[in-house]
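Single-structure report; data block below.
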Amino acid sequence: MTDGEVIVEARALTKRFPGVLALDRVDFRIVAGQVNALVGENGAGKSTLMNILSGVYTDYEGEVLVDGRPCRFAGVGEARRAGVAIIHQELSFVPYMNIAENMFLGREPLTPLGLTDQARMHAEAREWLLRLHLEVDTHTLMDDLRIGQQQLVEIAKALSLGARVLIMDEPTSSLSTSEMEILFDMIAELKQKGVGIVYISHKMDEVWRLADFVTVMRDGQLVTERPMSELTPDEVVQLMVGREQRTDLDYQENVPGRLALEVEHLVLRSAGHADRKILDDISFSLHSGEVLGFYGLMGAGRTEMLETIFGLHPAQTTGNIRVDGRPVQIRHPQEAVCHGLALCPEDRKREGLVLGMSIKENVTLASLNEVLRHGLLSDKLELGAADDCRGRLGIKSTDASQLAGQLSGGNQQKIVIGKWLKTKPRVLFLDEPTRGIDIHAKTEICRLVRGLASEGMAIVFVSSELPEIMAVCDRIITLREGRLAQEFKRGDFTEEAIIKSVMSV
Ligand SMILES: Nc1ncnc2c1ncn2[C@@H]1O[C@H](COP(=O)(O)OP(=O)(O)OP(=O)(O)O)[C@@H](O)[C@H]1O
Ligand SMILES: [Mg+2]
Numbered sequence: 374m375t376d377g378e379v380i381v382e383a384r385a386l387t388k389r390f391p392g393v394l395a396l397d398r399v400d401f402r403i404v405a406g407q408v409n410a411l412v413g414e415n416g417a418g419k420s421t422l423m424n425i426l427s428g429v430y431t432d433y434e435g436e437v438l439v440d441g442r443p444c445r446f447a448g449v450g451e452a453r454r455a456g457v458a459i460i461h462q463e464l465s466f467v468p469y470m471n472i473a474e475n476m477f478l479g480r481e482p483l484t485p486l487g488l489t490d491q492a493r494m495h496a497e498a499r500e501w502l503l504r505l506h507l508e509v510d511t512h513t514l515m516d517d518l519r520i521g522q523q524q525l526v527e528i529a530k531a532l533s534l535g536a537r538v539l540i541m542d543e544p545t546s547s548l549s550t551s552e553m554e555i556l557f558d559m560i561a562e563l564k565q566k567g568v569g570i571v572y573i574s575h576k577m578d579e580v581w582r583l584a585d586f587v588t589v590m591r592d593g594q595l596v597t598e599r600p601m602s603e604l605t606p607d608e609v610v611q612l613m614v615g616r617e618q619r620t621d622l623d624y625q626e627n628v629p630g631r632l633a634l635e636v637e638h639l640v641l642r643s644a645g646h647a648d649r650k651i652l653d654d655i656s657f658s659l660h661s662g663e664v665l666g667f668y669g670l671m672g673a674g675r676t677e678m679l680e681t682i683f684g685l686h687p688a689q690t691t692g693n694i695r696v697d698g699r700p701v702q703i704r705h706p707q708e709a710v711c712h713g714l715a716l717c718p719e720d721r722k723r724e725g726l727v728l729g730m731s732i733k734e735n736v737t738l739a740s741l742n743e744v745l746r747h748g749l750l751s752d753k754l755e756l757g758a759a760d761d762c763r764g765r766l767g768i769k770s771t772d773a774s775q776l777a778g779q780l781s782g783g784n785q786q787k788i789v790i791g792k793w794l795k796t797k798p799r800v801l802f803l804d805e806p807t808r809g810i811d812i813h814a815k816t817e818i819c820r821l822v823r824g825l826a827s828e829g830m831a832i833v834f835v836s837s838e839l840p841e842i843m844a845v846c847d848r849i850i851t852l853r854e855g856r857l858a859q860e861f862k863r864g865d866f867t868e869e870a871i872i873k874s875v876m877s878v
């Protein structure tokens, strides 16, 4: 079926976690010069499988072969020496170290005296970054980069290892379109060199563009492994979910209520250069019961706009905001919350999920009043809220007491969304709410958003996925380079017109 040589092969891999069979006798192959797309719903076992092949988990049943020889990695270092590199779904850098230190952690180039050769380390790091067209000083701390850049650094690090096998667990989740193109070129180049690639993604268009063959997993089991030419995207989705897919949203227009939010002449200035405007003269209004989408290319200012309204950059902000017709001053997120606003941020791994707490504690964290009885935390109410959320968003877990840290990446994201949806604010800002979430749950989140709007909530919905934003919104405003570009009413939505309005043509 595949003509290249098999570099890494997994035979009958089985992995158990307490209460979960995460992998159930899975066979898998990584072939030289080919991209194997690994797909499946949240919690299907994709990351677990890759964690075994890259030496993260050493405790498993079954067999791993490299070049046909059985081998059992004792750890990540050993896998790396065997030529297997992985870019993890949950980025795993040291935030207070700089870019070069992170890239060469544990394998720093040394001077004859045995000290880290700083000059060489930074020069090499710079070279790798440039290949990905990332122009930042390699002395920059990881924490000071935006997530897309952090992701690129992790990719550069994996490339610098010169691996024979490169595993990418949702590598484009925070990349802009142009950054994605650079990555795709890089993948093509690696293929040419005979590197075997595993590409995990929830985005079918990427899978179709990159993959030579696809492996579908469901509930810890391998469903199929086949060349792309034998399948259609619809068939792959059906194999993933194991049932007929309902993608219809059944859009119904809500009767718009009162004006919930008015923003006038909002300006955000750069912290360093006061004459540079990151946001320039943004004005819009939003009614209760309405879902307003913001669409733009990465860097157009969508996230900054939400943050600015939410009081995250008070010193650099000018403009007027009214909530329910009353002028308000928002100098701090706390004040935003007091005025009935809520923001579900883009960077959910940093914000809002406590890995050491249970699902039910996380879900109710932002809406504690709802689970109090006579002023005391009611376990029953808490459990009810958590089970409701697990059911509606399809959070795959053993029970509501399971720790958030034990869930798959996508399921962790669902908890954070569930938490914010529960706060019942007047105005809800959702920044990329479906990133990393499987197709089934995406539809579910869109339904929830429509449901909340029909109950009178005013919702701002930011997404990079055009079909999704078109499905869920009543109105879409496009942004370009920090300014309003165009406004579209539901009847006028077309992909072409919206994309055209965000491009600088
Ligand atoms: N450390 C852990 N402890 C307990 N259970 C775990 C742990 N890691 C993963 N699991 C469970 O194993 C199953 C498979 O998870 P995995 O992370 O492999 O899914 P995934 O296919 O990568 O999903 P996603 O698309 O959401 O990233 C899930 O049910 C998950 O809850
Ligand atoms: Mg995963």
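Count along the sequence shown from 1, add 373, and you get the number used in the working numbering.
A virtual CB, placed ideally from N, CA and C, is assigned to each residue, including glycine.
| Asked | Found |
| --- | --- |
| From the DSSP output, read off the bridge partner residues of Q594. | R591 |
| When you compare only the Cα positions, how much space is there between K753 and E378? | 56 Å |
| If A383 sits next to V437, beta carbons under 8 Å apart, how far is it from one beta carbon to the other, in whole angstroms? | 6 Å |
| Measure the CB-CB distance between C711 and V789 and report whether it falls below 8 Å. | no |
| In angstroms, rounded to a whole number, what distance separates the CA positions of L507 and Q522? | 8 Å |
| Assign T796 to one of three DSSP states: helix, strand, or coil. | coil |
| Can you check which of these residues, S427, P443, M470 and L464, is closest to G450 by C-alpha distance? | S427 |
| Tell me whether M515 sits in a helix, a strand or coil according to DSSP, three-state version. | helix |
| Give the range of the alpha helix (DSSP H) segment to which P700 is assigned. | From DSSP, P700 is part of no alpha helix (DSSP H) but of the beta strand (DSSP E) over R699 to V701. |
| Helix, strand or coil, according to DSSP, for A777 in the structure here? | helix |
| Between C883 and G791, how many whole angstroms is the CB-CB distance? I'm expecting something under 8 Å. | For the chain, the structure presents residues 374 to 878; residue 883 sits outside this window and is missing. |
| Which partner residues does A715 have in the DSSP bridge list? | L801 |
| Run through DSSP, which three-state label would R537 get? | coil |
| How close, in whole Å, do the beta carbons of E543 and I573 come, if the pair is a contact with beta carbons under 8 Å? | 6 Å |
| Using a 10 Å radius around the Cβ and a threshold of 16 neighbouring Cβ atoms, would you call H705 buried or exposed? | exposed |
| Return no unless some Cβ of chain D is closer than 8 Å to the Cβ of T513. | Checking the listed chains, one finds no chain D in this structure; it contains a single protein chain. |
| In three-state DSSP terms, what is V696? | strand |
| Please state whether DSSP places A383 in a helix, a strand or coil. | strand |
| Just list the alpha helix (DSSP H) runs in the segment 818-861, keeping only unbroken ones of 4 residues or longer that don't cross its boundaries, in chain order. | 839-845 |
| Report the three-state DSSP secondary structure of V408 (helix, strand or coil). | strand |
| Is the beta carbon of I425 closer than 8 Å to that of I540? | no |
| Considering Cα atoms alone, identify which of A826, R480 and F866 is closest to E841. | F866 |
| Give a yes or no on contact between the segment 739-754 and the segment 799-815, applying the rule of three or more CB pairs nearer than 8 Å. | no |
| Going by beta carbon distance, what residues of the same chain come within less than 7 Å of M553, once the five residues before and after it are set aside? | T545 |
| Starting from E869 and walking both ways along the alpha helix (DSSP H), at which residues does that stretch end? | E868 to V875 |
| Buried or exposed: Y469, going by 16 or more other Cβ atoms within 10 Å of its Cβ? | exposed |
| So, helix, strand or coil for V393, using DSSP? | strand |
| Could you tell me if R537 is buried or exposed, where buried requires 16 or more neighbouring beta carbons within 10 angstroms of its beta carbon? | buried |
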